[in-house]
Amino acid sequence: MNVIICKDYDEVSVKAAEIFKRQINGKPNSVLGLATGSTPIGMYNCLADMYSKGEIDFSQVTTFNLDEYYPISQDNEQSYHTFMNNNLFGKINIDASRIHIPNGETTNPAAECEAYEKEIARHGGVDLQILGIGRNGHIGFNEPGDRLNTKTHITALSSDTIDANSRFFESSDKVPTHALTMGISTIMSSKKIILLASGHSKHNAIKELLSNGITTDNPATMLKMHPDFTLICDSAAYSDIHIGIDIGGMSTKIGVVDNNEIIDRCDVEITAGQTAEDITDAMAEVCLDFAARYDVQSIGVGTPGIIAHGKVWATNLPFCGFRLADELSSRVKLPVSVENDAACAALGEQIAGAGAGAENMLLVTIGTGIGAGIIMNGKIYSGCGAAGEVGHMCIDINGIECPCGRHGCWEQYASVTALKNQTAAAAKAHPESILGKLCRESAISGKTAFKAADMGCETAREVLDNYFNYLAAGLNNLIKIFDPQTVLISGGISNEGDNLIIPLNKRLAPFSAVKIAELKNDAGIIGAAALK
Ligand code: F6R
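Given below as structure tokens:
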């Protein structure tokens with residue numbers, strides 16, 4: 000198999016048209032196998048252009064199309080007869096009597112298919128066959144799971160193909176349910192085959208084609224057995240590599256992500272006094288280096304703060320209405336998407352971590368403050384740009400004053416900062432306790448109360464009981480609002496594992512799906528890369 004990787008669809012079209020031109024100029028009475036669908040349209044345009052410039056003469060070629068819907072009248076707008084006339088035959092000097100397309104009007108499809116197969120043989124077989132590929136790996140209308148040794152036949156379309164082709168019809172119930180198609184053995188008996196693929200939606204099918212196996216689950220994989228088979232695809236179909244960037248207060252983590260796995264990474268420090276432009280320059284430098292070494296398709300960025308109308312506002316960073324996506328994109332010349340960092344982490348966990356498979360989930364980050372990423376119906380929910388500020392949900396209207404200006408915000412009771420304050424107060428009130436002793440010996444952290452409780456300290460247990468009650472109160476509010484499949488806990492506190500999860504799930508019963516997030520710092524990178 001030969002593989003030609005092109006930068007985009009236009010290049011795929013030009014490369015394919017050049018192969019056709021060489022074929023026809025080398026053998027003017029070539030027998031060509033033609034395909035429909037959106038993919039070959041660019042190539043047909045190039046061929047029509049070459050014809051108009053006098054570079055190719057189609058007068059002696061014979062054509063056999065791969066397939067036609069069944070049943071369908073030839074003059075139906077969506078018939079492949081109409082398609083071929085509109086996209087190629089109407090623009091070149093082909094002899095109409097040499098055009099062959101399966102007849103979707105026949106009342107005897109079996110006889111039509113048999114006759115079609117004989118006609119191909121009578122012309123000495125196809126010299127050059129062009130193919131597109133379905134998202135599920137179908138070629139012609141040979142669907143996954145079909146027998147692969149078939150000749151031209153009638154076949155039922157798979158639901159995936161009906162869904163993909165419904166874009167050409169008023170609705171999916173208007174897509175014909177069957178088709179007449181060359182079989183895999185008809186296609187395989189062509190002397191030369193080229194398959195065109197463009198766009199991300201074809202990536203999985205192409206990845207399987209490029210892997211080792213041959214399987215009826217991806218009919219295109221059969222083509223690897225052909226002695227003269229060339230795949231021409233653009234980089235979006237060939238590669239699923241994206242850069243994910245997770246901007247933090249102190250550093251920016253940049254990763255190259257291939258199929259949701261980080262394959263390369265680099266951290267860039269953020270120093271005091273840096274402007275938004277400086278930070279963007281530093282990110283761009285790393286991205287350009289990665290883009291020179293990997294076939295990167297796009298960049299996704301997770302940043303703290305609010306993102307609205309393409310602008311970012313972040314309190315601890317010099318982003319004040321900064322057009323981060325535009326600025327980075329203009330430096331790196333790749334598409335850039337920006338989302339909130341907690342939302343990216345939630346997406347990362349949903350794709351490749353503890354939230355895998357959950358269409359509706361929350362990731363609650365508990366650290367200095369509390370934030371959340373919300374996944375609704377499989378997608379990030381960002382509201383008007385600031386959704387997820389759950390740390391400022393009020394749990395006591397007469398409660399502790401928050402720097403945001405309100406009282407009783409959840410993070411004043413349930414963040415790690417709050418736990419440290421609660422630990423310090425209990426240690427002061429009970430200096431004789433194990434907790435009191437630990438607090439005198441070393442700096443108080445979010446771990447101190449857990450450590451003392453582990454050593455049997457009653458005071459520490461009371462601190463944690465009180466803390467879990469507050470944490471559970473806020474989580475319970477979120478569960479009542481969002482009714483998620485799972486709630487993941489991340490941030491510093493998540494290191495406590497079961498010591499945190501068991502008491503929380505007990506307090507939240509019957510809800511029992513609070514879990515620790517799995518991907519730690521990688522979640523933000525993987526989620527950002529998946530913004531695409
Ligand atoms: C069309 C055909 C199909 C298409 C395939 C991809 O004659 O045989 O196999 O090649 O469905 O269609 P597009 O190019 O529209 O993505």
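For the sequence shown, numbering that gives the first Met the number 0 assigns the number 0 to the initial residue and increments by one for each residue that follows.
Glycine included, C-beta positions come from ideal geometry on N, C-alpha and C.
Among A413, G53, D74 and G301, which residue has its Cα nearest to the Cα of D464? As a first step, residue 464 is located in the sequence shown; it is residue number 465 there, counting from the start. Comparing Cα-Cα distances from D464 to each of A413, G53, D74 and G301, the minimum goes to A413.
Any heavy atom of the ligand PLP within a distance shorter than 7 Å of the CB on F318? Because the ligand PLP does not appear in the structure shown, any question about it cannot be addressed here, the ligands present being the ligand F6R.
Rounded to the nearest angstrom, what separates R322 and S441 at their Cα positions? On the sequence shown, position 323 is the one that residue 322 refers to. On the sequence shown, position 442 is the one that residue 441 refers to. When rounded, the distance between both Cα atoms is 44 Å.
When the Cα of S37 is compared with those of L503, C5, M0 and M83, which residue comes out closest? Position 38 of the sequence shown holds residue 37. Ranking L503, C5, M0 and M83 by Cα distance to S37 puts M83 first.
What whole-angstrom Cβ distance do A522 and E388 have, given they're in contact under 8 Å? To locate residue 522, count along the sequence shown from 1; it is residue 523. To locate residue 388, count along the sequence shown from 1; it is residue 389. Not really, about 19 Å apart at Cβ, beyond 8 Å.
When DSSP labels each residue in this structure, what does H137 get in the three-state scheme? As a first step, residue 137 must be located in the sequence shown, where it is residue number 138. In this structure, H137 counts as coil in the three-state DSSP scheme.
Round the Cβ separation of L130 and I138 to the nearest angstrom and send it over; I've been treating them as touching at under 8 Å. Position 131 of the sequence shown, counted from the start, is the residue given in the question as residue 130. Position 139 of the sequence shown, counted from the start, is the residue given in the question as residue 138. Right, the Cβ-Cβ distance comes to about 5 Å (below 8 Å), so this counts as a contact.
Tell me which same chain residues have a C-beta within less than 6 Å of the C-beta of T61, skipping the five on either side of it? In the sequence shown, counting from the first residue as 1, residue 61 sits at position 62. Here the set comprises V30, R97 and H122.
At a threshold of 7 Å, does D9 count as lining the ligand F6R (C-beta to nearest heavy atom)? Your numbering for residue 9 matches position 10 in the sequence shown. Checking the Cβ of D9 against the ligand F6R gives no.
Measuring only from the beta carbon, is A236 closer than 7 Å to any heavy atom that is part of the ligand F6R? Here residue 236 is taken as the residue at index 237 of the sequence shown, counted from 1. No, since every heavy atom of the ligand F6R falls outside the 7 Å radius drawn around the Cβ of A236.
Nearest-angstrom Cα separation, counted from T214 out to Q484: Taking the first residue of the sequence shown as 1, we reach residue 484 at position 485. Taking the first residue of the sequence shown as 1, we reach residue 214 at position 215. For Q484 and T214, the distance between alpha carbons rounds to 35 Å.
Quick one: is A611 buried, meaning 16 or more other Cβ sit within 10 Å of its Cβ, or exposed? Residue 611 falls outside the range modelled here, since the chain spans only 0 to 531, and no answer is possible.
Relative to the alpha-carbon of E268, which residue among E260, I262, I261 and M282 has its alpha-carbon at the smallest distance? The count along the sequence shown starts at 1 and reaches residue 268 at position 269. E268 has its Cα closest to that of M282, out of E260, I262, I261 and M282.
Name the DSSP bridge partner or partners of H177? Taking the first residue of the sequence shown as 1, we reach residue 177 at position 178. Note: H177 sits in a beta bridge opposite Y69 and A155.
Sequence-distant residues of its chain with Cβ nearer than 8 Å to A417 (five each side left out): Here residue 417 is taken as the residue at index 418 of the sequence shown, counted from 1. Excluding positions up to five away in sequence, the list reads E410, Q411, Y466 and Y469.
Exposed unless 16 or more other CB atoms sit within 10 angstroms - verdict on V256: For the purposes of this step, residue 256 is taken as residue 257 along the sequence shown, with counting starting at 1. That one is buried.
Please give me, in chain order, every unbroken run of the alpha helix (DSSP H) with length at least 4 that falls completely inside the segment 450 to 524. 457 to 481 and 497 to 507
Should G473 and G445 be called a contact, given that it needs their Cβ atoms to be closer than 8 Å? By one-based count along the sequence shown, residue 473 stands at place 474. By one-based count along the sequence shown, residue 445 stands at place 446. In this structure, G445 does not lie closer than 8 Å to G473 by Cβ.
On the CB-based measure, 16 or more other CB atoms within 10 Å of its CB, does H308 come out buried or exposed? Residue numbering aside, residue 308 sits at position 309 when the sequence shown is read from its first letter. Under this definition H308 is an exposed residue.
By the 10 Å Cβ neighbour count, where 16 or more other Cβ atoms means buried, how is N339 classified, buried or exposed? In the sequence shown, residue 339 corresponds to position 340, counting from 1. Buried: at least 16 other Cβ atoms inside 10 Å.
Between which two residues does the alpha helix (DSSP H) harbouring E113 extend? Taking the sequence shown and counting its residues from 1, one reaches residue 113 at position 114. Taken as a continuous stretch (DSSP letters only), the alpha helix (DSSP H) holding E113 covers P108 to R121.
Using the beta-carbon count (16 or more within 10 Å), is M249 buried or exposed? As a first step, residue 249 is located in the sequence shown; it is residue number 250 there, counting from the start. Exposed, since its Cβ has fewer than 16 Cβ neighbours within 10 Å.
Along the chain, which unbroken stretches of the alpha helix (DSSP H) at least 4 residues long are found entirely within the segment 373 to 458? 410 to 413, 415 to 428, 433 to 440 and 447 to 453
Range covered by the alpha helix (DSSP H) that runs through V11: Locating residue 11 in the sequence shown gives position 12, counting from the first residue. Segment Y8 to G25, the alpha helix (DSSP H) holding V11.
Hey, out of Y79, E260 and I193, whose CA is closest to C232's CA? Here residue 232 refers to the residue found at position 233 when the sequence shown is read from its first residue. Considering only alpha carbons, the answer is I193.
Considering only heavy atoms of the ligand F6R, does any lie closer than 7 Å to the CB of L65? Your numbering for residue 65 matches position 66 in the sequence shown. Yes, the beta carbon of L65 sits closer than 7 Å to at least one heavy atom of the ligand F6R.
Residue of P101, L46 and N258 minimising C-alpha distance to G182: On the sequence shown, residue 182 is found 183 positions in, with the first residue counted as 1. If we check each option's Cα against that of G182, P101 comes out closest.
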